[in-house]
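K.L.:
For what it's worth, the numbering used here labels the leading residue of the sequence shown as 117, then goes sequentially.
We put the beta carbon where it would ideally sit given N, CA and C, even for glycine.
As the structure is a prediction and not an experimental result, all values here were calculated from the model.
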Amino acid sequence: MRVGIEVGGTFTDLVALDGGRAVVAKVPSTPRSPDIGAFNALIAGNVPSGAVTDLVHGSTVATNAILERRGAKVAFVTTRGFRDILFMQRHDRRSIYDLRYAKPEPPVRRRDCFEVTERLDARGNIVLPLDEAEVARMLIPALAAGGYAAVAICLLSSYASPLHEMRLAELIGAALPDIRIAPSHAIAPEFREYERASTAVLSAYVQPVIDGYLDRFGERLAQAGFTGRFSVMQSNGGRLPAVAMRRNAITALFSGPAAGVVGAIRQAGRSGRGDLITFDMGGTSTDVSLVQKGEAALAPETEVDGLPIRTPVLDIVSVGAGGGSLVWIDEGGMLRVGPRSAGADPGPACYRRGGTLPTVTDAHVVRGTIRPESFLGGTMSLDADAAHRAFEEVAARLGTDVRGAAAAAIRLAVANIVRAIQLVSTERGRDPRDYALVPFGGAGPLLAAEIAEELGIAEILVPPNPGVISALGLLSADYVKVYGVTRRMALDDAAPDALRAAEARLRATASDEFRGLGLDGALEYGLEADMRFVGQAFEIPVAIEEAALKGLTEGALAERFTAAHRRVYLHGGEPGRKSEIVSLRYSVRRRLDTLPEVKERDGADRTGTAPIRAADGRTLEARLVPAARFSDAVTGPALIEGYSSTAWVPEGWIARRDEAGNLILRRDA
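1) Measuring only from the beta carbon, is Q408 closer than 7 angstroms to any heavy atom that is part of the ligand MG?
2) Relative to the C-alpha of P753, which candidate in R239, D784, Y264, R362 has its C-alpha closest?
3) Indicate the three-state DSSP secondary structure (helix, strand or coil) for E775 in the structure shown.
4) I think R336 touches D151, with their Cβ atoms under 8 angstroms apart; what is that distance to the nearest whole Å?
5) Using C-beta distances below 6 angstroms, list every residue in its chain close to M626, excluding the 5 sequence neighbours before and after it, in chain order.
6) Report the partner residues of V453 according to the DSSP bridge assignment.
7) Taking DSSP's pairing of strands, which residues face I297 in a bridge?
8) From the DSSP output, in three-state form, read off R253 for me.
9) Assign M450 to one of two classes, buried (16 or more other C-beta atoms within 10 Å of its C-beta) or exposed (fewer than that).
10) I need the straight-line Cα distance from R355 to S441, nearest angstrom please.
11) Between the C-alpha atoms of E489 and L498, what's the straight-line distance to the nearest angstrom?
12) Is there a Cβ from chain C that is less than 8 angstroms from the Cβ of Y467?
13) At the level of alpha carbons, what is the spacing between D628 and T477?
14) Cα-Cα, which of D613, A606, A743 is closest to K694?
15) In three-state DSSP terms, what is G328?
16) Three or more beta-carbon pairs under 8 angstroms between the stretch 337 to 351 and the stretch 296 to 315, yes or no?
17) Between the C-alpha atoms of K597 and A672, what's the straight-line distance to the nearest angstrom?
18) Quick one: is R604 buried, meaning 16 or more other Cβ sit within 10 Å of its Cβ, or exposed?
19) Can you tell me whether Q408 is buried or exposed? The criterion is at least 16 other CB atoms within 10 Å of its CB, across all chains shown.
20) For T316, I'd like the list of residues in its chain whose CB is within less than 6 angstroms of its CB, leaving aside the five on either flank, ordered along the chain.
21) Can you tell which of R226, D228, C229, P245 has the C-alpha that lies nearest to the C-alpha of R235?
22) A593 and V322: beta carbons closer than 8 angstroms?
23) Once you ignore the five residues that flank A465 on each side, which residues in its own chain have a CB closer than 6 angstroms to its CB?
24) In chain order, which continuous runs of the alpha helix (DSSP H) of length 4 or greater are located wholly inside the stretch 492 to 573?
25) Closest to A276 by C-alpha separation, out of P582, N241, I212, would be which residue?
26) Determine the closest residue to F395 out of P561, P278, S274, with distance taken between C-alpha atoms.
27) Should P424 be labelled buried (16 or more other beta-carbon atoms within 10 Å of its own) or exposed?
28) Is K666 helix, strand or coil by DSSP?
29) For S703, list the residues DSSP reports as bridge partners.
30) Assuming the contact rule is C-beta atoms closer than 8 angstroms, A188 and A266 should be a hit. Round their C-beta distance to whole Å, please.
31) Below 8 angstroms, how does it come out for the stretch 225 to 234 and the stretch 192 to 205: are there three or more Cβ pairs, yes or no?
32) Buried or exposed, going by whether 16 or more other CB atoms sit within 10 Å of the CB of M349?
33) Please classify G484 as buried or exposed, where buried requires at least 16 neighbouring CB atoms within 10 angstroms.
34) Between L736 and I756, which are expected to be in contact by the criterion C-beta below 8 angstroms, what is the C-beta distance as a whole number of angstroms?
35) For D403, which option in F556, M647, V698, G600 has the closest C-alpha, if you only look at C-alpha atoms?
36) Have a look at the DSSP bridge pairing and note the partners of G120.
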């Protein structure tokens with residue numbers, strides 16, 4: 117039995133596969149103790165823990181710890197003279213017209229930042245040896261007295277040589293064995309001191325939180341008889357055994373959104389679709405990603421709460437437009453949706469958990485596209501009157517009725533998501549009309565057609581059980597690890613050999629680590645070089661396939677870089693200008709033997725019609741179609757109601773179920 121559990125902001129989702137039998141379940145999340153919600157999902161799905169052989173988990177625990185500043189007490193240790201690097205940051209200004217703009221605050225106070233005497237140059241040569249006597253006399257007593265749960269170490273130029281960081285970690289570990297240590301060379305061994313320091317600090321900040329969470333969940337599973345393999349999803353779209361997360365928890369930062377993209381790619385691939393725009397509309401946010409030829413792009417860096425994190429992540433854009441996003445009026449009298457959310461506690465007003473503020477989910481209840489008696493297949497009752505009451509104040513301030521206010525909120529949520537899709541498509545030179553839109557999450561299929569109309573997208577692919585696609589993605593994810601290292605080398609006739617030598621070292625490291633994790637079998641490797649013209653501030657990733665690496669020449673590498681530069685900047689640079697390789701990213705992957713397949717779970721079994729408030733104010737009679745029993749075609753207006761989500765088919769659209777079980781929506785010719 118294989119089980120995927122994804123902890124979201126509002127609901128915790130489960131997909132369990134036992135041979136040909138599939139179990140799908142959704143339960144409310146428990147934000148204060150996410151492990152409780154995860155275990156509740158096993159109970160709701162009637163899944164015996166002792167029978168589970170493979171459990172894959174994804175959550176927002178690390179992200180929430182940073183956003184809510186609930187991480188551990190952390191100390192920061194750096195080279196003498198660089199104590200303020202976390203506070204000086206970069207000389208940029210995100211909001212140039214905001215007179216009260218302030219840089220994001222790191223999770224470490226200045227009094228918790230310490231210096232040690234040492235110095236390496238940019239090539240890793242020792243300029244000044246590490247003063248071990250000073251470490252023993254000053255640093256270790258200060259750390260012992262500070263009550264720190266973790267220590268982040270970022271010494272100057274440690275990306276070029278980790279010797280001083282390794283020795284410092286050894287000294288601290290010997291003197292303070294209970295403290296967790298996060299050395300930057302093991303977390304983000306790439307140049308740019310501030311980004312590397314920020315990543316090390318945030319990793320140390322969330323590591324005790326992640327360890328505690330995994331320990332509690334693991335203990336509960338063990339008590340229930342679980343003896344199988346326990347894996348955790350990473351931000352890069354691959355999973356690793358949970359033991360690996362105890363070395364670098366920051367890699368699991370966006371595990372939930374990444375799992376959703378993987379699940380969407382796998383399911384769309386069954387219908388022969390590889391060029392996709394995915395959007396995951398859950399309870400607190402909407403996550404958008406662009407997929408080409410079945411592959412989602414990796415970004416080398418991301419940020420949370422304005423703080424940079426140098427770790428590979430799937431290229432996902434998030435906006436605060438989830439089902440639980442609050443609908444409100446700002447000081448200027450303008451209607452707003454998000455980014456604040458009602459979350460799981462108290463949740464939308466219609467959830468009967470004490471919430472009184474209007475949300476996007478409440479707007480759907482008012483409009484009629486969510487029917488209280490059909491929510492979660494009828495297993496969770498909604499309060500339609502509470503949803504109407506929640507919108508009364510908004511309606512009064514807008515000078516309209518409750519239905520008009522709800523319709524306006526939905527249009528605004530659509531506009532926010534359209535903007536996010538434009539960020540990953542048109543603003544990067546991609547035409548969204550060339551892609552199929554893949555909505556999932558509990559609220560995604562409700563807005564998909566309206567979003568597609570705004571963007572001119574002709575086809576929508578809704579996976580079966582769209583509300584639990586992230587949990588399915590956990591089970592669909594390969595074992596993956598991405599290694600990033602800075603290796604600066606001029607693009608000359610010696611570069612290809614240097615590149616091959618670096619690849620050989622990385623391959624040996626990756627192979628040894630995968631064997632150590634018990635991940636035997638055929639491994640696939642991928643190499644990407646960050647390149648730039650000498651003097652440029654930013655790099656462009658250039659993929660180098662394994663077959664091409666063997667016979668790679670200076671000229672061939674230059675051609676690859678020029679083509680990549682032209683694709684991004686629309687020109688190939690000045691003739692004769694020198695270029696260089698800055699960093700390398702090396703990935704290792706062990707693919708799954710078989711991919712999971714899940715059919716639509718039985719949900720609401722009601723037929724007939726229901727009134728829907730159209731965008732132009734008309735009341736439409738929409739046909740009701742049970743998703744699990746739908747195999748023909750239906751022309752809008754129609755509601756295709758499933759257990760985990762409802763798909764809205766407006767006028768002018770037609771929906772069909774294909775052989776892969778996907779729901780295909782197209783404009784009705």
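P.N.:
In short:
1) No copy of the ligand MG appears in this structure; indeed no ligand is present at all.
2) D784
3) DSSP places E775 in coil when its eight states are reduced to three.
4) About 6 angstroms separates the two Cβ atoms, so the contact holds.
5) Reading the sequence as shown, one finds Ala at residue 626 and not Met. Closer than 6 angstroms at Cβ, skipping near neighbours: V704.
6) V443
7) Per DSSP, V267.
8) helix
9) exposed
10) 29 angstroms
11) When the Cα atoms are used, E489 and L498 turn out to be separated by approximately 7 angstroms.
12) The structure shown contains no chain C; it is built from a single protein chain.
13) 49 angstroms
14) A606
15) helix
16) no
17) 27 angstroms
18) exposed
19) With fewer than 16 other beta carbons inside 10 angstroms of its own, Q408 counts as exposed.
20) The sequence given here has Ala at residue 316, not Thr. The answer, listed in chain order, is A268, C270, A298, S300, I303.
21) P245
22) no
23) Here the set comprises G471, T472, D478, A502, A503, A506.
24) As far as the stretch 492 to 573 is concerned, its whole alpha helix (DSSP H) runs of at least 4 residues are 500 to 506, 508 to 514, 518 to 540, 560 to 571.
25) N241
26) Selected option, being the one with the closest Cα: P561.
27) buried
28) helix
29) Residue pairing by DSSP places S703 opposite V598, G642 in a beta bridge.
30) 5 angstroms
31) yes
32) buried
33) buried
34) Their Cβ separation, rounded to whole angstroms, is 15 angstroms, which puts L736 and I756 out of contact at 8 angstroms.
35) Taking only the C-alpha atoms, the option nearest D403 is F556.
36) In the DSSP output, where bridge partners are listed per residue, G120 has V131, V172.
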